[in-house]
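>
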Amino acid sequence: MAASAPKPGHTDPAIIRNFCIIAHIDHGKSTLADRMLQLTGVVDARAARAQYLDRMDIERERGITIKSQAVRMPWTVPVDNEEGAEPGAYVLNMIDTPGHVDFTYEVSRSLQACEAAILLVDAAQGIEAQTLANLYLAMGADLHIIPVLNKIDLPSADPDKYAEELANIVGCDPSDVLRVSAKTGLGVEKVLNEIVKQTPAPVGDPNAPARALIFDSVYDTYRGVVTYVRVVDGKLSHRDRIKMMSTNAVHEMLEVGVISPEPVRTGEIGVGEVGYLITGVKDVRQSRVGDTVTSQHHGATESLGGYEHPNPMVYAGLYPIDGDDYPVLRDALEKLQLNDAALTYEPETSGALGFGFRIGFLGLLHMEITRDRLEREFNLDLISTAPNVVYEVHMEDGKVLEVTNPSEYPDGKVAEVREPVVRATILSPSDYIGTIMELCQEKRGNLQGMDYLSADRVEMRYTMPMGDIVFDFFDQLKSRTKGYASLDYERSGDQAADLVKVDILLQGEPVDAFSAIIHKDAAYAYGVMMAGKLKDLIPRQQFEVPIQAAIGARVIARENIRAIRKDVLAKCYGGDITRKRKLLEKQKEGKKRMKMVGRVEVPQEAFVAALATSGPAGDKPKK
Numbered sequence: 075m076a077a078s079a080p081k082p083g084h085t086d087p088a089i090i091r092n093f094c095i096i097a098h099i100d101h102g103k104s105t106l107a108d109r110m111l112q113l114t115g116v117v118d119a120r121a122a123r124a125q126y127l128d129r130m131d132i133e134r135e136r137g138i139t140i141k142s143q144a145v146r147m148p149w150t151v152p153v154d155n156e157e158g159a160e161p162g163a164y165v166l167n168m169i170d171t172p173g174h175v176d177f178t179y180e181v182s183r184s185l186q187a188c189e190a191a192i193l194l195v196d197a198a199q200g201i202e203a204q205t206l207a208n209l210y211l212a213m214g215a216d217l218h219i220i221p222v223l224n225k226i227d228l229p230s231a232d233p234d235k236y237a238e239e240l241a242n243i244v245g246c247d248p249s250d251v252l253r254v255s256a257k258t259g260l261g262v263e264k265v266l267n268e269i270v271k272q273t274p275a276p277v278g279d280p281n282a283p284a285r286a287l288i289f290d291s292v293y294d295t296y297r298g299v300v301t302y303v304r305v306v307d308g309k310l311s312h313r314d315r316i317k318m319m320s321t322n323a324v325h326e327m328l329e330v331g332v333i334s335p336e337p338v339r340t341g342e343i344g345v346g347e348v349g350y351l352i353t354g355v356k357d358v359r360q361s362r363v364g365d366t367v368t369s370q371h372h373g374a375t376e377s378l379g380g381y382e383h384p385n386p387m388v389y390a391g392l393y394p395i396d397g398d399d400y401p402v403l404r405d406a407l408e409k410l411q412l413n414d415a416a417l418t419y420e421p422e423t424s425g426a427l428g429f430g431f432r433i434g435f436l437g438l439l440h441m442e443i444t445r446d447r448l449e450r451e452f453n454l455d456l457i458s459t460a461p462n463v464v465y466e467v468h469m470e471d472g473k474v475l476e477v478t479n480p481s482e483y484p485d486g487k488v489a490e491v492r493e494p495v496v497r498a499t500i501l502s503p504s505d506y507i508g509t510i511m512e513l514c515q516e517k518r519g520n521l522q523g524m525d526y527l528s529a530d531r532v533e534m535r536y537t538m539p540m541g542d543i544v545f546d547f548f549d550q551l552k553s554r555t556k557g558y559a560s561l562d563y564e565r566s567g568d569q570a571a572d573l574v575k576v577d578i579l580l581q582g583e584p585v586d587a588f589s590a591i592i593h594k595d596a597a598y599a600y601g602v603m604m605a606g607k608l609k610d611l612i613p614r615q616q617f618e619v620p621i622q623a624a625i626g627a628r629v630i631a632r633e634n635i636r637a638i639r640k641d642v643l644a645k646c647y648g649g650d651i652t653r654k655r656k657l658l659e660k661q662k663e664g665k666k667r668m669k670m671v672g673r674v675e676v677p678q679e680a681f682v683a684a685l686a687t688s689g690p691a692g693d694k695p696k697k
């Protein structure tokens with residue numbers, strides 16, 4: 075039952091309930107959030123739209139959540155409710171989180187602002203790999219878990235079977251698993267009452283110095299940095315002077331309020347409340363996610379826990395097609411980094427592509443989304459190099475080098491190369507066990523264990539080289555299991571491997587943008603593929619151009635681009651054969667001289683095409 079909109083001023087922590095929704099991709103998080111917004115009355119029928127909290131165009135197009143969204147909703151529990159919740163008016167702070175493995179970091183930040191998590195599972199598909207990953211994150215953050223089965227109205231739904239599966243994992247009775255249809259709204263009211271009943275009220279000292287945890291921040295062109303916080307102790311009021319504890323930067327709060335689901339100004343936010351602050355700051359580095367906000371005078375001395383900074387899993391170079399756009403790309407990355415704390419970057423130069431940045435991503439989808447956002451939001455045209463992981467190269471003279479880019483690979487004698495390893499969890503119907511094992515063996519995986527979650531669903535655990543996962547592993551897994559398998563992975567140390575650097579040479583000169591560090595067994599296939607691709611993409615020159623793939627000084631593959639042949643005999647109408655030979659020899663000498671001084675012209679389109687499709691995912695969106 076909806077209540078009135080939130081009033082400015084302080085809210086009693088006893089009536090606040092902070093919770094988030096966690097689930098695998100496409101299990102209905104955003105749709106359930108839509109129903110809650112409608113039931114609580116914060117979004118009226120006229121303003122309602124599907125996936126209301128997915129604000130970015132790219133989220134709506136791909137049908138996935140990328141950024142967590144916080145929203146405040148009023149809810150009145152009726153006196154005669156079946157769930158046994160205490161009747162009265164409550165304030166619910168909900169955070170809708172992403173489901174994809176690349177955005178796990180977004181989920182972990184959202185959990186810090188909550189006391190409970192709704193674990194949502196599709197009643198037709200059951201528990202998936204990312205469901206388990208998010209569940210373990212929530213348990214690690216010590217949250218109360220509320221299990222919910224969604225899509226019970228689907229003809230293929232089997233709620234009894236999956237309720238039992240869910241109950242076994244969460245450790246509750248199958249009858250405790252709530253059953254809803256987010257699409258029709260069936261059972262959503264019951265979920266809201268259960269949230270009030272089961273979620274602990276936030277705990278904090280209202281009289282202590284103010285302490286609030288920054289769990290997200292976005293850059294607004296007109297208002298500067300908008301910082302989202304969860305208040306733990308004390309209160310933050312309009313016009314207070316606040317201090318960021320990690321940087322000691324001091325600002326005046328120009329606006330403070332809550333999101334319901336659009337920004338609503340309030341005089342202050344107190345213990346347990348989730349809200350936003352605007353200080354007018356334009357420098358994105360002054361509002362870091364995980365920092366603690368306190369008052370300038372009589373502030374707190376001890377900061378809150380913050381977050382572990384995520385380590386990039388995949389690196390790729392991003393270069394502007396127009397070199398003049400380099401400063402625009404630098405500013406764009408700085409603004410995007412505020413919105414996406416997992417993004418790391420540093421400048422780099424390529425002989426072939428000019429000035430650009432080496433960027434660290436959490437995964438391939440993260441890379442694709444970041445590139446897409448840079449192109450849309452900042453109107454840039456970019457080339458991205460093939461993604462690769464970080465290798466540790468041990469030289470025979472004892473030096474240890476960290477290689478994030480194939481061009482950094484040393485030329486001296488290498489004693490050992492160590493590559494990052496991931497612990498992968500694959501959930502699949504048991505029919506596909508053999509297919510998955512075959513694929514994992516191809517990718518140098520080692521089976522660590524296998525458990526049956528139910529009679530026909532199996533969980534397989536592998537350790538695999540990260541470099542093989544970022545190539546086409548996910549695409550192949552989906553195609554070989556008809557889309558039924560799901561994958562989750564996390565970093566798990568490193569291992570020694572037989573890796574080599576494959577250089578692509580044009581007319582004997584290496585082109586750094588096409589180089590790759592690859593396993594020895596796959597090097598020949600990579601060389602043949604790139605040489606063949608470039609032969610089709612590079613236009614014919616006035617001289618013959620050899621394309622070679624080489625490991626060190628040894629050429630492993632070769633293609634030739636034939637020269638454009640001009641008809642120098644056109645003006646010879648018959649006559650002595652020696653005259654014709656002389657003209658042809660002269661042409662041959664000219665071509666030889668041109669080959670020595672000439673430079674192979676590689677058009678930008680060839681770089682774009684070769685790098686876009688030689689990368690693991692190409693430009694295919696993954697859902």
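With my numbering, you'll find the sequence shown wraps up at 697, consecutive numbering, no jumps. No residue lacks a Cβ here, since even glycine has one placed at the ideal position from N, Cα and C.
(1) Would you mind listing the alpha helix (DSSP H) stretches within the segment 567-633 that are 4+ residues and don't spill past its ends, in chain order?
(2) Return helix, strand or coil for K517, following the three-state DSSP convention.
(3) By Cβ distance below 6 Å, which residues in the same chain neighbour K594 in space, the five residues on each side in sequence not counted?
(4) Alpha helix (DSSP H) containing S334: first to last residue?
(5) Threshold first: 4 residues or longer. Then list the alpha helix (DSSP H) segments lying entirely within the segment 514-559, N to C.
(6) The alpha helix (DSSP H) spanning L217 covers which residue range?
(7) What residues are listed by DSSP as bridge partners for P394?
(8) Note down the Cα distance separating K317 from Y419, rounded to an integer number of angstroms.
(9) Should R492 and D568 be called a contact, given that it needs their Cβ atoms to be closer than 7 Å?
(10) Please work out which residues of its chain come closer than 6 Å, Cβ to Cβ, to A728, disregarding the five sequence neighbours upstream and downstream, and give them in chain order.
(11) Under a Cβ-count criterion, where at least 16 other Cβ atoms within 10 Å of its own Cβ denotes burial, should G346 be classed as buried or exposed?
(12) With burial defined as no fewer than 16 other Cβ atoms inside 10 Å of the residue's Cβ, what is the status of Y389: buried or exposed?
(13) Helix or strand or just coil, what does DSSP make of S311?
(14) Go through its chain and collect everything with a Cβ distance to N462's Cβ below 8 Å, but skip five positions before and after it.
(15) So, with DSSP's three-state summary, where would you put A637?
(16) Does the Cβ of A159 have 16 or more other Cβ atoms within 10 Å, making it buried, or fewer, making it exposed?
(17) I'd like to check one pair, D577 with A631: are the Cβ atoms closer than 7 Å?
(18) Just to confirm my understanding: we take E564, look at its own chain, exclude 5 residues before and 5 after, and list those with CB closer than 6 Å. What are they?
(19) So which of K235, C188, K264 and V338 has the shortest CA-CA distance to L106?
(20) Under three-state DSSP, which class holds K317?
(21) DSSP state of A212, grouped into three classes?
(22) Reducing DSSP to helix, strand and coil, say where I95 ends up.
(23) With distances taken Cα to Cα, identify the nearest neighbour of H98 among V165, A190, D196 and A191.
(24) Once you ignore the five residues that flank N155 on each side, which residues in its own chain have a CB closer than 8 Å to its CB?
(25) So, is I201 buried or exposed, given that buried needs 16 or more other C-beta atoms within 10 angstroms?
(26) With DSSP as the reference, label V270 as helix, strand or coil.
(27) If you reduce the DSSP assignment to three classes, tell me which class H440 lands in.
(28) What first and last residue would you give for the beta strand (DSSP E) that runs through A241?
(29) Tell me whether D506 sits in a helix, a strand or coil according to DSSP, three-state version.
(30) Assign R653 to one of three DSSP states: helix, strand, or coil.
(31) Are at least three pairs of beta-carbons, each pair with one atom in the segment 244-259 and one in the segment 222-234, less than 8 Å apart?
(32) Using CA coordinates, which residue listed in G649, Y302, E238 and R636 is at the minimum distance from I352?
(33) Do I612 and V532 have their CB atoms nearer than 7 Å?
(34) Tell me the DSSP secondary structure of G430 in three-state form.
(35) From this set, A596, I433 and T85, which residue's C-alpha is nearest N385's C-alpha?
(36) With DSSP as the reference, identify every bridge partner of P148, one or two as the case may be.
Let me spell this out:
(1) 594-611
(2) Residue numbering aside, residue 517 sits at position 443 when the sequence shown is read from its first letter. Coil.
(3) Counting from one through the sequence shown, the residue named residue 594 turns up at place 520. Correct list, in chain order: D572 and V574.
(4) Counting from one through the sequence shown, the residue named residue 334 turns up at place 260. No alpha helix (DSSP H) holds S334; DSSP gives it neither H nor E.
(5) 548-554
(6) Mapped onto the sequence shown, residue 217 falls at position 143. Per DSSP, L217 belongs to no alpha helix (DSSP H) and is neither H nor E.
(7) What you label residue 394 is simply residue 320 of the sequence shown in a count that begins at 1. The partner list for P394 (beta bridge, DSSP) reads L456.
(8) Counting from one through the sequence shown, the residue named residue 317 turns up at place 243. Counting from one through the sequence shown, the residue named residue 419 turns up at place 345. Straight-line Cα distance between these residues: approximately 27 Å.
(9) Along the sequence shown, read from residue 1 onward, the residue named residue 492 stands at position 418. Along the sequence shown, read from residue 1 onward, the residue named residue 568 stands at position 494. Yes, they are a contact pair.
(10) The chain is shown only over 75 to 697; residue 728 falls outside these bounds and no answer can be derived.
(11) For the purposes of this step, residue 346 is identified with residue 272 of the sequence shown, where counting begins at 1. Under this definition G346 is a buried residue.
(12) Looking up residue 389 in the sequence shown gives position 315. Under this definition Y389 is a buried residue.
(13) Locating residue 311 in the sequence shown gives position 237, counting from the first residue. DSSP places S311 in strand when its eight states are reduced to three.
(14) Looking up residue 462 in the sequence shown gives position 388. Once the five neighbours on either side are set aside, the close Cβ partners of N462 are V388, Y389, A390, T478, N479, P480, G541, V544, A590 and I591.
(15) On the sequence shown, residue 637 is found 563 positions in, with the first residue counted as 1. Coil, per DSSP.
(16) For the purposes of this step, residue 159 is taken as the residue at position 85 of the sequence shown. Under this definition A159 is a buried residue.
(17) Start at 1 with the first residue of the sequence shown, and residue 631 comes out as number 557. Start at 1 with the first residue of the sequence shown, and residue 577 comes out as number 503. Taking 7 Å as the Cβ cut-off, A631 and D577 do not qualify as a contacting pair.
(18) What you label residue 564 is simply residue 490 of the sequence shown in a count that begins at 1. The answer, listed in chain order, is R497.
(19) On the sequence shown, residue 106 is found 32 positions in, with the first residue counted as 1. Here the closest residue by C-alpha is K264.
(20) As a working mapping, residue 317 is identified with position 243 in the sequence shown. Three-state DSSP puts K317 in a strand.
(21) Along the sequence shown, one-based indexing puts residue 212 at 138. Helix.
(22) Within the sequence shown, the letter at position 21 stands for residue 95. I95 falls in the strand class under three-state DSSP.
(23) Stepping through the sequence shown from its first residue, residue 98 is reached at position 24. When only C-alpha atoms are compared, the closest one is D196.
(24) By one-based count along the sequence shown, residue 155 stands at place 81. Contacts found: P161 and N267.
(25) Sequence index remark: in the sequence shown, residue 201 carries index 127 (1-based). Buried.
(26) Taking the sequence shown and counting its residues from 1, the one referred to as residue 270 is at position 196. Three-state result, V270: helix.
(27) Here residue 440 corresponds to residue number 366 of the sequence shown, with the count starting at 1. Helix.
(28) Indexing the sequence shown from 1 puts residue 241 at position 167. Per DSSP, A241 belongs to no beta strand (DSSP E); it is in the alpha helix (DSSP H), P233 to V244.
(29) The residue you call residue 506 lines up with position 432 of the sequence shown. The sequence given here has Tyr at residue 506, not Asp. In the structure shown, Y506 sits in a helix (DSSP, three-state: H, G or I).
(30) The residue you call residue 653 lines up with position 579 of the sequence shown. Note: R653 maps to helix in three-state DSSP.
(31) yes
(32) By one-based count along the sequence shown, residue 352 stands at place 278. Selected option, being the one with the closest Cα: Y302.
(33) Against the sequence shown, residue 612 aligns to sequence position 538. Against the sequence shown, residue 532 aligns to sequence position 458. Their beta carbons are not under 7 Å apart, which means I612 does not touch V532 by this criterion.
(34) The count along the sequence shown starts at 1 and reaches residue 430 at position 356. Note: G430 maps to strand in three-state DSSP.
(35) Translated into the one-based positions of the sequence shown, residue 385 becomes position 311. If we check each option's Cα against that of N385, I433 comes out closest.
(36) Position 74 of the sequence shown holds residue 148. Its beta-bridge partners are V165.
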